[in-house]
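Okay, structure first, notes after.
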Amino acid sequence: MIYNAAKQSTGVSVSNSNFWIQSQRPYSPEAVDLALQRWSGISDPIRVEAVLVPCVMEDEPKVVSFNLSENEHYMVDIASKLSATDSSDVLVSRTVGKTSSEIRFYFPAPDVQLVSDLSNNVVGCRGDGNINRVINKRASYISGQTIYGDAILANVGYTRRDSELQTENVTLCTYYRILLGKMPDGIYKISKDSILVAELPCVYSRTSWKGPSPRDLLCSFCRLQRLSEPYFTVNRVSASCNVPGSAVCSEEMGSLKTAKQSQCAKDGRIDKENPDVFKCYVKIFSKKRELLLEYSTDDNWSKESDAIQNSALKVLIWFNHYFKQLNTHMEKLYLPKSTDGFTIYPNIFLQEFAMCLSVYGKSSGGDSRTCSAVGPFTMDTSQQQLENSAFLTDIDGQDSGVFPSHGSLTCISYSVYLLMKDKRKKYLLEVNNEFEFEIGAGAVRTQLESCITQLSVDQSASFVDELSDRDLILAAASELSPDLSKISRDSCVLEFSVKVLQVTEPMEDRMEKALFSPPLSKQRVEFAVRHINQLHATTLVDFGCGSGSLLDSLLEHPITLEKIVGVDISRKGLTRAAKSLHQKLSKKLLMQSNVPAAVLYHGSVTDFDSRVYGFDIGTCLEVIEHVEEDEASLFGSVVLSSFCPAVLIVSTPNYEYNPILQRSAMPNKEEEPEENTGPCKFRNHDHKFEWTRAQFQHWATGLAASHSYSVEFSGVGGSGEEPGYASQIAVFRRMTRDQEESSPKEDDPRQPYEVLWEWANASMPSN
Numbered sequence: 011m012i013y014n015a016a017k018q019s020t021g022v023s024v025s026n027s028n029f030w031i032q033s034q035r036p037y038s039p040e041a042v043d044l045a046l047q048r049w050s051g052i053s054d055p056i057r058v059e060a061v062l063v064p065c066v067m068e069d070e071p072k073v074v075s076f077n078l079s080e081n082e083h084y085m086v087d088i089a090s091k092l093s094a095t096d097s098s099d100v101l102v103s104r105t106v107g108k109t110s111s112e113i114r115f116y117f118p119a120p121d122v123q124l125v126s127d128l129s130n131n132v133v134g135c136r137g138d139g140n141i142n143r144v145i146n147k148r149a150s151y152i153s154g155q156t157i158y159g160d161a162i163l164a165n166v167g168y169t170r171r172d173s174e175l176q177t178e179n180v181t182l183c184t185y186y187r188i189l190l191g192k193m194p195d196g197i198y199k200i201s202k203d204s205i206l207v208a209e210l211p212c213v214y215s216r217t218s219w220k221g222p223s224p225r226d227l228l229c230s231f232c233r234l235q236r237l238s239e240p241y242f243t244v245n246r247v248s249a250s251c252n253v254p255g256s257a258v259c260s261e262e263m264g265s266l267k268t269a270k271q272s273q274c275a276k277d278g279r280i281d282k283e284n285p286d287v288f289k290c291y292v293k294i295f296s297k298k299r300e301l302l303l304e305y306s307t308d309d310n311w312s313k314e315s316d317a318i319q320n321s322a323l324k325v326l327i328w329f330n331h332y333f334k335q336l337n338t339h340m341e342k343l344y345l346p347k348s349t350d351g352f353t354i355y356p357n358i359f360l361q362e363f364a365m366c367l368s369v370y371g372k373s374s375g376g377d378s379r380t381c382s383a384v385g386p387f388t389m390d391t392s393q394q395q396l397e398n399s400a401f402l403t404d405i406d407g408q409d410s411g412v413f414p415s416h417g418s419l420t421c422i423s424y425s426v427y428l429l430m431k432d433k434r435k436k437y438l439l440e441v442n443n444e445f446e447f448e449i450g451a452g453a454v455r456t457q458l459e460s461c462i463t464q465l466s467v468d469q470s471a472s473f474v475d476e477l478s479d480r481d482l483i484l485a486a487a488s489e490l491s492p493d494l495s496k497i498s499r500d501s502c503v504l505e506f507s508v509k510v511l512q513v514t515e516p517m518e519d520r521m522e523k524a525l526f527s528p529p530l531s532k533q534r535v536e537f538a539v540r541h542i543n544q545l546h547a548t549t550l551v552d553f554g555c556g557s558g559s560l561l562d563s564l565l566e567h568p569i570t571l572e573k574i575v576g577v578d579i580s581r582k583g584l585t586r587a588a589k590s591l592h593q594k595l596s597k598k599l600l601m602q603s604n605v606p607a608a609v610l611y612h613g614s615v616t617d618f619d620s621r622v623y624g625f626d627i628g629t630c631l632e633v634i635e636h637v638e639e640d641e642a643s644l645f646g647s648v649v650l651s652s653f654c655p656a657v658l659i660v661s662t663p664n665y666e667y668n669p670i671l672q673r674s675a676m677p678n679k680e681e682e683p684e685e686n687t688g689p690c691k692f693r694n695h696d697h698k699f700e701w702t703r704a705q706f707q708h709w710a711t712g713l714a715a716s717h718s719y720s721v722e723f724s725g726v727g728g729s730g731e732e733p734g735y736a737s738q739i740a741v742f743r744r745m746t747r748d749q750e751e752s753s754p755k756e757d758d759p760r761q762p763y764e765v766l767w768e769w770a771n772a773s774m775p776s777n
């Protein structure tokens, strides 16, 4: 159309063989004088860096440079780098990245022969318009339009506001950050200025979420993928008995109806007095408004904004899993099971993400085998906590006694280096002087969190970890050495230096401290101490000891114990416990106090180990709510039938007390609960359930009856009157057996637990 219009216009001429449109009118004398004056004052040319993105996928992007002078148009240099005939053969893409950016792709025009038929006012391509150039998949994916041949990503040109040539270097770091920004977690990483450390959190909480909200992240992701805006549908529903997913209005005798069994998800979606709750459904459409993904859930939320944000996060996590699996073998990419709540429309989905598959997948793009298997795949939306060991070196600073714990907001500073294994070279990749995140929310890489939970405030340490994806390293390296683009996973590792700056205790602890003095944690310890001394117990095992807070606190009280044992599945928690117990026992030894023997075992509390059989007392304080309910029942059965302690003390939050706790913890008027805002939350997002008094007593009495134990109920926090204690406690007591009767477990040789740390009685530690 432009060619044809120029052909019929006066004052310009066009060529039948290329795209030039030239003015036939001479420049005015004033314009000539102005140009001569500017050119005469020009000194050195301007050096500008750009990135060449080859169309061949096997070829790596590389940095190219231009020497621009003002007496020649910059397109001449770009045409030269692209081996184009002249600047008329170079096409320019839309802007890439931010709207204020002038970064664009420059690429050679495809070879087409123009045929002009002015009588019919037509100009077009000869034949079927066959284009003799290969599509540049990477450039096309980033820009959202079809780009042919090798392309140059550059930031150069004139703006409407300024007649001067504007330039800015575009490096490989710029290119890989643009690519990262199109990933589901990329915008979050970039917004946190933490590419190698930050991860998309697995849970959303208004009080602890930092950075753009999940809804904003999902909207940005859809825009960058050239999809339509996500569609959110929020329904206000009544939590009556006949509504699916609603709370149970009444309990039937003999039936244990928990939050989960009532189909109400965690974070406390049960309320008998405030029946109205919110559900949010999400739909993702193609740019042609064709449905490609929809998410529905039975989860209820007390606030409309929480429903939207949590549903948006679930969709983001789904996309993140999808993108992460694109670099795996296609046979393992998709699983036949459908993901709860997600429905995928494969044909539309593949059509929209075809370019994405070809860019990120290891297999060649467009292969029909990779497209036929797309569909819903199994995904665990909760962050899988891998127990990798972080080897700490050079721990500096005094132990302040303030450690990060699950749910706490922790502020750190860190540096990340690329360390060659031969230690001849070391590159600084990323520095962050103030980075805040929530422990246990999956907001950072696993190794880093494992390290941080072993440090107290003002302590620092270093450790090494395996290499991240190469694209992430290149996106993080702002001052990139050319050597980094050729790094090998076998030749280098990442070295992290981290310091804990501040720890804000979890919301659960803040709620308890706002209402109770001493805090509930101390009241639970005092409860255990009373029973220890009443029984004259000499041996104690703490099931699910975590970082050893109970064992550590027991040493501050006069007790009859001669041996204490902790069992936990978490190595990083046991490492913390060992450090704390070692310091406390060393002080008691110097004071010539009675020092009990101590052992920390790494293993599951549902696996029997004969070394922990028949202890005087067992404890399990605020642990069972962190596992699924069937696992809590399995734990109770294994402990009472196999470990057989004389007394077992189990505590867990009383869900009925939550409204009192949460009202006392409201930081400002904006957070005050409104009338009819729906169910109160669980005390911690990691809780898989929280039981009412009736539910807890049903669980405990069933276990006691099945394993020859009696059980009595008590608690700490509050008077015990309605709605009961804040922390409810069951004390199991083993029935007296006949003297001739013995348990078969006494002779069971199984010892699956690993001794992680041990302190021999009245001596220095043996491990």
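One rule links them: number in our numbering = place in the sequence shown (from 1) + 10. For glycine and all other residues, C-beta sits at the position ideal for the given N, C-alpha and C. Computed from a prediction, not measured in an experiment: that's the story for all the values here.
Please report how far the alpha carbon of residue i lies from the alpha carbon of residue j, in whole angstroms.
| i | j | result |
| --- | --- | --- |
| G39 | K199 | Here residue 39 turns out to be Pro, not Gly, going by the sequence shown. Roughly 55 Å between the two C-alpha positions. |
| S98 | Y241 | 43 Å |
| D54 | S79 | 8 Å |
| Y168 | A364 | 34 Å |
| A714 | S614 | 22 Å |
| Q408 | I197 | 37 Å |
| H546 | E522 | 30 Å |
| S410 | C555 | 21 Å |
| E300 | T243 | 17 Å |
| W767 | D578 | 12 Å |
| R171 | V22 | 27 Å |
| A322 | R225 | 5 Å |
| V66 | R480 | 19 Å |
So residue i and residue j are supposed to be a Cβ contact under 8 Å. How far apart are they, rounded?
| i | j | result |
| --- | --- | --- |
| L571 | P606 | 5 Å |
| L206 | S478 | 6 Å |
| D626 | T548 | 6 Å |
| Y185 | V61 | 5 Å |
Starting from the Cα of residue i, find the closest Cα among the options and give me that residue.
| i | options | result |
| --- | --- | --- |
| I405 | S466, R434 and V426 | S466 |
| S103 | D96, P118, N179 and T95 | P118 |
| I670 | A642, H567, P733 and L530 | P733 |
| P333 | M193, I358 and S90 | A small fix is needed here, since residue 333 is Phe in this sequence, not Pro. Of M193, I358 and S90, the residue nearest in Cα terms is M193. |
| G728 | S501, Q738 and R246 | Q738 |
| K532 | C502, E566 and I188 | E566 |
| L227 | V247, I327 and K298 | I327 |
| E174 | T181, V166 and V180 | V166 |
| K289 | W311, E304 and K298 | W311 |
| R586 | C366, S460, L525 and P356 | S460 |
| Y719 | L658, G558 and T217 | L658 |
Taking C-beta to C-beta, are residue i and residue j nearer than 8 Å?
| i | j | result |
| --- | --- | --- |
| Y611 | D617 | no |
| F447 | V441 | no |
| V369 | R148 | yes |
| N3 | V63 | The structure shown has nothing for residue 3, since the chain only spans 11 to 777. |
| A538 | I574 | no |
| F445 | I462 | no |
| F506 | Y437 | no |
| R693 | N668 | yes |
| V726 | Y735 | yes |
| L803 | S296 | Lying before the first or after the last residue shown, residue 803 is absent from the chain, which here runs from 11 to 777. |
| K698 | E639 | yes |
| A161 | Y116 | yes |
With 16 other CB atoms within 10 Å as the buried threshold, where does residue i fall?
| i | result |
| --- | --- |
| T20 | exposed |
| G730 | exposed |
| K347 | Note that K347 scores a pLDDT of 38, beneath 50, so its modelled location is shaky; the value from the coordinates is reported in the next line. Per the 10 Å Cβ criterion, exposed. |
| T420 | buried |
| P663 | buried |
| H416 | buried |
| P762 | exposed |
| L550 | buried |
| P211 | buried |
| T95 | exposed |
Report yes or no: is there a C-beta of chain C within less than 8 Å of the C-beta of residue i?
| i | result |
| --- | --- |
| Y611 | Among the chains in the structure shown there is no chain C, since it carries only a single protein chain. |
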